[in-house]
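First the structure, in the form of structure tokens, and then the observations on it.
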Amino acid sequence: MNILLVVDSMQVVKELNGKMMAINAEEKQIFSGLALKIMRSLSEGEKYPKQISRELKINEQKIYYHVRQLEKKGFVKITRKEEKSGALAKLYKLSSPAFVARFGEFREARRIPRSGFEPFIKNGLFSAKIIVGSPDPHGPEKARSRDITFAVDLALFLGTFLAKVEAPAVIEDKDTRSEDLRNNLIVIGGPVTNKVMKMVNEKLPVRFDAKKNIISKNKVYKNDDCGFIAKADSPFGPGKILVIAGKRYSGTKAAVLAFIRHFDSIENKNFTVVEGLDNDGDGEIDGVRILE
């Protein structure tokens, strides 16, 4: 049982078997300095009230009173009873390792992604390499990529799911080695500016054709503002690949924006095709529409 202490409304809210129960807590003395000292002492381990009395150098009867109040409200509990000097002594400990003081309304927090986004993130750890096109001229068309900014946006978003980061994760396509490709991969950008995208294109459930149009099983998307997100088995090893790409720069921007804004509906799909929208008329993509 986890207990949430609500200070502003003086209620104790208990979570039991998935249900939230509010209990009046008008006895404000529960939250006095002495009660908190007792709880801090019990955080070290189970103790008798008499032990706490000696430790805090406070009258034993006063300690007993506060311990009983804390027990009544569910903050401490009896762990066992022992005979001491002919009397039965009770050992107490905290009923939960932590209590939360709430000073405002709760807001929904993002959770670790569910199994639909494994193995890229697992147990709060990032387990992939992000491959982005190089800004230097490279490839047969000597193309320059501007997609590095999208890698930053994507990394900031993915960081909200991580407990910690253990190693650098972003690599330019021209610097990618064969051992890098054996990781799970997140590939950003189209086949002209990202050579790794060109290598995996034919393995995807939605891909680019020879004219750089986006094609799915039944449709062709020719708009420069179109992009897609696709997942597939990696052709380089046992891992997975996630591609976020567009026909042109604006299409890739739309795909990244869709991934961030609609992650909950996208994470479990094999592919999603989107179109970028300029809602405020300034010439920049600031919205997306899901096409497929």
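Residues in the sequence shown are numbered from 262 upward in steps of one, following this note's numbering. Even for Gly, the Cβ is constructed at its ideal location relative to N, Cα and C.
For this session: Compute the Euclidean distance between the alpha carbons of I394 and L503, then round it to the nearest angstrom.
Result: Start at 1 with the first residue of the sequence shown, and residue 394 comes out as number 133. Start at 1 with the first residue of the sequence shown, and residue 503 comes out as number 242. Looking at the sequence shown, residue 394 is not Ile but Gly. Those two C-alpha atoms are separated by around 15 Å.
Exercise. Relative to the alpha-carbon of N479, which residue among E553, A516, E344 and V535 has its alpha-carbon at the smallest distance?
Worked result: Numbered from 1 along the sequence shown, position 218 holds the residue referred to as residue 479. The shortest Cα separation from N479 among E553, A516, E344 and V535 belongs to E553.
Problem set entry | Opposing strand residues paired with K473 [DSSP bridges] | Indexing the sequence shown from 1 puts residue 473 at position 212. K473 is not bridged to any residue.
For this session: Can you tell me which of the three DSSP states L465 falls into?
Result: By one-based count along the sequence shown, residue 465 stands at place 204. L465 falls in the coil class under three-state DSSP.
Exercise. Taking the C-alpha atoms as reference points, what is the distance between V413 and R550?
Worked result: The residue labelled residue 413 in the question sits at position 152 within the sequence shown. The residue labelled residue 550 in the question sits at position 289 within the sequence shown. Rounded to the nearest angstrom, the two C-alpha atoms are 22 Å apart.
Problem set entry | 6 Å Cβ shell around I476 - same chain, five flanking residues per side excluded | Residue mapping note: residue 476 aligns to position 215 of the sequence shown, counting from 1. Contacts found: D470.
Problem set entry | I546, enclosing beta strand (DSSP E) - first and last residue | Here residue 546 corresponds to residue number 285 of the sequence shown, with the count starting at 1. Note, I546: premise wrong, no beta strand (DSSP E); not H, not E.
For this session: Just tell me which of G451, K390 and V461 has its CA closest to the CA of C487.
Result: Position 226 of the sequence shown, counted from the first residue, corresponds to residue 487. Nearest of G451, K390 and V461 to C487, Cα basis: G451.
Exercise. Just the Cα atoms here: how many angstroms apart are R405 and K530?
Worked result: Mapped onto the sequence shown, residue 405 falls at position 144. Mapped onto the sequence shown, residue 530 falls at position 269. Approximately 30 Å between the Cα atoms of the pair.
Problem set entry | alpha helix (DSSP H) segment containing G512, residue limits | Here the question's residue 512 lines up with position 251 in the sequence shown. Y510 to R522 is the extent of the alpha helix (DSSP H) around G512.
For this session: Using the Cα positions of A516 and F360, report the straight-line distance between them to the nearest angstrom.
Result: Counting from one through the sequence shown, the residue named residue 516 turns up at place 255. Counting from one through the sequence shown, the residue named residue 360 turns up at place 99. C-alpha separation (whole angstroms): 41 Å.
For this session: Work out the CA separation of A350 and L417 for me, nearest whole Å.
Result: As a position in the sequence shown, residue 417 is number 156, starting the count at 1. As a position in the sequence shown, residue 350 is number 89, starting the count at 1. One C-alpha to the other measures close to 54 Å.
Problem set entry | Completely contained alpha helix (DSSP H) runs for the segment 289-319, where each covers 4 or more residues | 294-303 and 310-317
Exercise. Which residues in the same chain have their Cβ closer than 8 Å to the Cβ of G294, if we skip the five residues on either side of it in sequence?
Worked result: The residue labelled residue 294 in the question sits at position 33 within the sequence shown. Nothing listed; no residue qualifies.
Problem set entry | CA nearest to the CA of S346, picked from A430, R509 and K311 | Against the sequence shown, residue 346 aligns to sequence position 85. Out of A430, R509 and K311, K311 has the C-alpha closest to the C-alpha of S346.
Problem set entry | Local Cβ density within 10 Å of T513, reported as buried at 16 or more and exposed below that | Here residue 513 is taken as the residue at index 252 of the sequence shown, counted from 1. Its Cβ being crowded by 16 or more others within 10 Å, T513 is buried.
Exercise. Who are the near neighbours of G548 in its chain, counting only those whose CB is closer than 6 Å to its CB and skipping five residues on each side?
Worked result: By one-based count along the sequence shown, residue 548 stands at place 287. For G548, where only same-chain residues beyond five positions count, the Cβ hits under 6 Å are L538 and N540.
Exercise. Among residues of its own chain, excluding the 5 on either side of I232, which ones have a beta-carbon nearer than 8 Å to its beta-carbon?
Worked result: Residue 232 lies beyond the residue range present for the chain, which begins at 262 and ends at 553; the question has no answer from this structure.
Exercise. Would you call the CB atoms of V453 and D434 closer than 8 Å?
Worked result: Translated into the one-based positions of the sequence shown, residue 453 becomes position 192. Translated into the one-based positions of the sequence shown, residue 434 becomes position 173. Going by C-beta atoms, V453 is not nearer than 8 Å to D434.
Exercise. Where do the ends of the beta strand (DSSP E) carrying K333 lie?
Worked result: For the purposes of this step, residue 333 is taken as residue 72 along the sequence shown, with counting starting at 1. Run containing K333: none in the beta strand (DSSP E); it sits in the alpha helix (DSSP H), E321 to K333.
Exercise. What three-state label does DSSP hand G500 in the structure shown?
Worked result: By 1-based counting over the sequence shown, the position of residue 500 is 239. Coil at G500, not helix or strand.
For this session: Please check the pair A389 and A424, which I expect to be a contact at CB under 8 Å, by giving their CB distance rounded to whole angstroms.
Result: Within the sequence shown, numbered from 1, the residue matching residue 389 stands at position 128. Within the sequence shown, numbered from 1, the residue matching residue 424 stands at position 163. Wrong, their Cβ atoms sit about 15 Å apart, outside the cutoff.
For this session: Specify, as a first and last residue, the run of the beta strand (DSSP E) that G488 falls within.
Result: Taking the sequence shown and counting its residues from 1, the one referred to as residue 488 is at position 227. It spans C487 to D494 - the beta strand (DSSP E) in which G488 sits, taken as one unbroken run.
Exercise. Just to confirm, does G347 get its C-beta within under 7 Å of one of the non-hydrogen atoms of the ligand HEM?
Worked result: As for the ligand HEM, it is missing from this structure, which has no ligand bound.
For this session: Compare the C-alpha of F387 against each of G420, V535, R341 and F336 and name the closest.
Result: Here the question's residue 387 lines up with position 126 in the sequence shown. It is G420.
Exercise. By Cβ distance below 6 Å, which residues in the same chain neighbour H214 in space, the five residues on each side in sequence not counted?
Worked result: Within the shown structure, residues of the chain are numbered from 262 to 553, placing residue 214 beyond reach of any answer.
For this session: Measure how close the beta-carbons of S495 and L446 come, nearest whole angstrom, since I'm counting them as under 8 Å.
Result: As a first step, residue 495 is located in the sequence shown; it is residue number 234 there, counting from the start. As a first step, residue 446 is located in the sequence shown; it is residue number 185 there, counting from the start. Sure, about 6 Å apart at Cβ, within 8 Å.
Exercise. If you draw a straight line from the C-alpha of K473 to the C-alpha of F532, how long is it?
Worked result: For the purposes of this step, residue 473 is identified with residue 212 of the sequence shown, where counting begins at 1. For the purposes of this step, residue 532 is identified with residue 271 of the sequence shown, where counting begins at 1. If you take the alpha carbons of K473 and F532, they lie about 18 Å apart.
Exercise. Is the CB-CB distance between R443 and F497 below 8 Å?
Worked result: As a working mapping, residue 443 is identified with position 182 in the sequence shown. As a working mapping, residue 497 is identified with position 236 in the sequence shown. Taking 8 Å as the Cβ cut-off, R443 and F497 qualify as a contacting pair.
Problem set entry | Nearest candidate by alpha-carbon position, reference N384, set L303, T410, P396 and F422 | Sequence index remark: in the sequence shown, residue 384 carries index 123 (1-based). Minimum Cα distance to N384 is reached at F422.
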